[in-house]
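J.: For the sequence shown, our numbering begins at 12 and goes up steadily by one. Just so you know, even glycine gets a beta-carbon here, dropped at the ideal spot from N, CA and C. Fair warning: this is a prediction, and the values are worked out from it, not measured in the lab. Can you keep this structure in mind? I'll have questions shortly.
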Amino acid sequence: MTDLALEIHDLHKRFGRAHVLHSVDLSVPADSIYGFLGPNGAGKSTTMKIVMGLLRPSGGRALVFGEDVHRDGVRARARIGYLPQHNRFHSYRSCRDVVSYVAHLYPGRRSHRELRLRVDELLELVGLGDKMTRKAGKLSGGEAQRLGIAQALVTEPDLLILDEPAASLDPLGRRDVLTLLENLRGQATVFYSTHILEDVQRVSDSVAVLADGRVVAQGPIDQLLQAADTSWTVRIVGDTTAAERNLAAEPWVTEIEAHQRGEHDLWTVRVNDDSAADERLLPLLVGHDECDVIEFHPSDKTLEEAYLSIVGANRAS
Numbered sequence: 012m013t014d015l016a017l018e019i020h021d022l023h024k025r026f027g028r029a030h031v032l033h034s035v036d037l038s039v040p041a042d043s044i045y046g047f048l049g050p051n052g053a054g055k056s057t058t059m060k061i062v063m064g065l066l067r068p069s070g071g072r073a074l075v076f077g078e079d080v081h082r083d084g085v086r087a088r089a090r091i092g093y094l095p096q097h098n099r100f101h102s103y104r105s106c107r108d109v110v111s112y113v114a115h116l117y118p119g120r121r122s123h124r125e126l127r128l129r130v131d132e133l134l135e136l137v138g139l140g141d142k143m144t145r146k147a148g149k150l151s152g153g154e155a156q157r158l159g160i161a162q163a164l165v166t167e168p169d170l171l172i173l174d175e176p177a178a179s180l181d182p183l184g185r186r187d188v189l190t191l192l193e194n195l196r197g198q199a200t201v202f203y204s205t206h207i208l209e210d211v212q213r214v215s216d217s218v219a220v221l222a223d224g225r226v227v228a229q230g231p232i233d234q235l236l237q238a239a240d241t242s243w244t245v246r247i248v249g250d251t252t253a254a255e256r257n258l259a260a261e262p263w264v265t266e267i268e269a270h271q272r273g274e275h276d277l278w279t280v281r282v283n284d285d286s287a288a289d290e291r292l293l294p295l296l297v298g299h300d301e302c303d304v305i306e307f308h309p310s311d312k313t314l315e316e317a318y319l320s321i322v323g324a325n326r327a328s
């Protein structure tokens with residue numbers, strides 16, 4: 012029994028002369044929530060389609076619970092629920108019929124009564140309980156996304172692959188999707204792509220960052236946060252011109268992001284040497300009679316900072 016829900020080894024994909032994936036390696040632990048990040052065009056959807064058997068790799072392989080997705084494709088895919096980035100439904104079917112139709116494509120048929128209860132339960136779960144009989148073609152974009160999540164869950168998959176599951180949802184819908192993912196923790200492995208970094212930081216155990224078809228970082232969230240430059244929060248009042256000029260001249264200061272907050276200035280000071288900042292940043296600020304420091308502390312690190320640091324370093328190399 013493998014401890015990995017998904018393994019990707021030396022995966023390559025070419026479309027003609029375009030080399031889309033370059034030696035991609037991923038290890039997704041079973042029962043984890045795993046975020047798959049990267050800019051548009053990085054190759055996230057291509058990777059997911061290869062895992063689903065919708066595309067053949069140009070090299071390498073993917074395993075789902077130890078089953079090769081091409082050599083043992085039927086067994087591997089029977090354990091996967093999939094939400095593509097762009098959903099397409101039979102517009103004339105009701106929401107209930109769409110989800111039931113997908114369930115019948117998988118082995119292990121349920122009785123009609125059991126299936127009806129399961130489908131209705133899922134539609135309630137994703138917020139479509141009052142729209143079970145509505146035709147799929149009459150749904151809004153956000154409602155269609157919810158329907159796609161319900162059909163991905165209907166077979167109670169061991170691995171749930173979601174390509175941008177919250178992309179077309181409003182803030183309330185995004186919150187509901189994140190709550191749903193959190194509730195699946197321990198019941199299924201969730202491997203999902205997104206560009207909404209704050210969502211990833213909220214629910215994911217681990218992440219991988221894909222840039223230009225290469226995995227440039229992967230690991231637990233806390234580990235990736237260490238890749239970000241340290242930043243400090245400074246709230247300051249008065250004439251800050253000299254203080255900002257002197258601080259910007261320090262070699263360990265990489266950026267000063269300043270915002271006006273009423274009578275105060277709020278600075279985010281990014282540094283590449285935390286010990287130098289800890290020792291010298293405050294003395295540099297309080298040495299000016301023209302301004303007063305009223306708040307000073309290390310900032311909480313965010314996944315966005317880590318992501319920008321990782322992707323920026325990759326593009327510069």
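Can you tell me the Cβ-Cβ gap for residue 14 and residue 41, rounded? I've got them flagged as a contact below 8 Å.
T.: The residue given as residue 14 occupies position 3 in the sequence shown. The residue given as residue 41 occupies position 30 in the sequence shown. The pair is a contact, with the Cβ atoms about 6 Å apart (cut-off 8 Å).
J.: Leaving out the 5 sequence neighbours to the left and right, which residues in its chain are closer than 7 Å to residue 309 when beta-carbon positions are compared?
T.: As a position in the sequence shown, residue 309 is number 298, starting the count at 1. Result list for residue 309: 241 and 243, in chain order.
J.: Can a CB atom of chain C be found closer than 8 Å to the CB of residue 16?
T.: You won't find chain C in this structure, because it holds only one protein chain.
J.: State the Cα-Cα distance for the pair residue 55 and residue 65, rounded to the nearest angstrom.
T.: Numbered from its first residue, the sequence shown carries residue 55 at position 44. Numbered from its first residue, the sequence shown carries residue 65 at position 54. Cα to Cα, residue 55 sits roughly 14 Å from residue 65.
J.: Quick check: what's the CA-CA separation for residue 90 versus residue 195?
T.: If you number the sequence shown from 1, residue 90 lands on position 79. If you number the sequence shown from 1, residue 195 lands on position 184. Those two C-alpha atoms are separated by around 15 Å.
J.: State the start and end residues of the unbroken beta strand (DSSP E) segment that holds residue 39.
T.: The residue given as residue 39 occupies position 28 in the sequence shown. 29-40 is the extent of the beta strand (DSSP E) around residue 39.
J.: Consult DSSP for residue 54 and reduce its assignment to one of helix, strand or coil.
T.: Here the question's residue 54 lines up with position 43 in the sequence shown. In the structure shown, residue 54 sits in coil (DSSP, three-state: anything other than H, G, I, E or B).
J.: Between which residues of its own chain and residue 140 is the CB-CB distance below 6 Å, once the five residues before and five after are set aside?
T.: Residue numbering aside, residue 140 sits at position 129 when the sequence shown is read from its first letter. Hits under 6 Å: 134.
J.: Measure from the alpha carbon of residue 11 to the alpha carbon of each residue in 266, 86, 203 and 301, then state which is nearest.
T.: Look at the range of the chain in this structure, 12 to 328, and you will see that residue 11 is not part of it.
J.: Once DSSP output is grouped into helix, strand and coil, what is the label at residue 234?
T.: Indexing the sequence shown from 1 puts residue 234 at position 223. If DSSP states are grouped into helix, strand and coil, residue 234 belongs with the helices.
J.: Candidates 69, 95, 291 and 208: which alpha carbon is nearest residue 171's?
T.: For the purposes of this step, residue 171 is identified with residue 160 of the sequence shown, where counting begins at 1. Of the candidates 69, 95, 291 and 208, the one whose C-alpha sits nearest the C-alpha of residue 171 is 95.
J.: Taking the C-alpha atoms as reference points, what is the distance between residue 17 and residue 49?
T.: In the sequence shown, residue 17 corresponds to position 6, counting from 1. In the sequence shown, residue 49 corresponds to position 38, counting from 1. Approximately 19 Å, taken between the alpha carbons.
J.: What three-state label does DSSP hand residue 225 in the structure shown?
T.: Locating residue 225 in the sequence shown gives position 214, where the first residue counts as 1. If DSSP states are grouped into helix, strand and coil, residue 225 belongs with the strands.
J.: Helix or strand or just coil, what does DSSP make of residue 262?
T.: Along the sequence shown, read from residue 1 onward, the residue named residue 262 stands at position 251. Residue state, collapsed to three classes: coil.
J.: Are the CB atoms of residue 218 and residue 227 nearer to each other than 8 Å?
T.: Mapped onto the sequence shown, residue 218 falls at position 207. Mapped onto the sequence shown, residue 227 falls at position 216. The answer is no: Cβ separation not under 8 Å.
J.: Between residue 181 and the rest of its own chain, which residues show a CB-CB distance below 8 Å, the 5 nearest in sequence each way excluded?
T.: Taking the sequence shown and counting its residues from 1, one reaches residue 181 at position 170. Contacts found: 153.
J.: Looking at C-alpha atoms only, which residue of 32, 28, 259 and 164 is the closest neighbour of residue 283?
T.: Numbered from 1 along the sequence shown, position 272 holds the residue referred to as residue 283. With distances taken between Cα atoms, residue 283 lies closest to 259.
J.: Tell me whether residue 173 sits in a helix, a strand or coil according to DSSP, three-state version.
T.: Numbered from 1 along the sequence shown, position 162 holds the residue referred to as residue 173. Three-state result, residue 173: strand.
J.: Would you identify the three-state DSSP class for residue 168, choosing helix, strand or coil?
T.: In the sequence shown, residue 168 corresponds to position 157, counting from 1. Here residue 168 sits in coil by DSSP.
J.: Considering Cα atoms alone, identify which of 156, 174 and 60 is closest to residue 383.
T.: Any property of residue 383 remains undetermined from this structure, which presents the chain solely from 12 to 328.
J.: Under 8 Å, do residue 248 and residue 270 count as touching if we go by C-beta distance?
T.: In the sequence shown, the residue the question calls residue 248 occupies position 237. In the sequence shown, the residue the question calls residue 270 occupies position 259. No, the pair does not count as a contact, with Cβ atoms beyond the cut-off.
J.: By the three-class DSSP mapping on this structure, what secondary structure does residue 153 have?
T.: Residue 153 sits at position 142 when you count from the first residue of the sequence shown. Residue state, collapsed to three classes: helix.
J.: Going by C-alpha distance, which of 71, 86, 34 and 93 is nearest residue 59?
T.: Along the sequence shown, read from residue 1 onward, the residue named residue 59 stands at position 48. It is 93 whose Cα lies nearest to the Cα of residue 59.
J.: Report all residues from its chain with a CB closer than 7 Å to the CB of residue 175; omit the five preceding and five following residues, and keep chain order.
T.: Here residue 175 refers to the residue found at position 164 when the sequence shown is read from its first residue. 96, 204 and 205, listed in sequence order.
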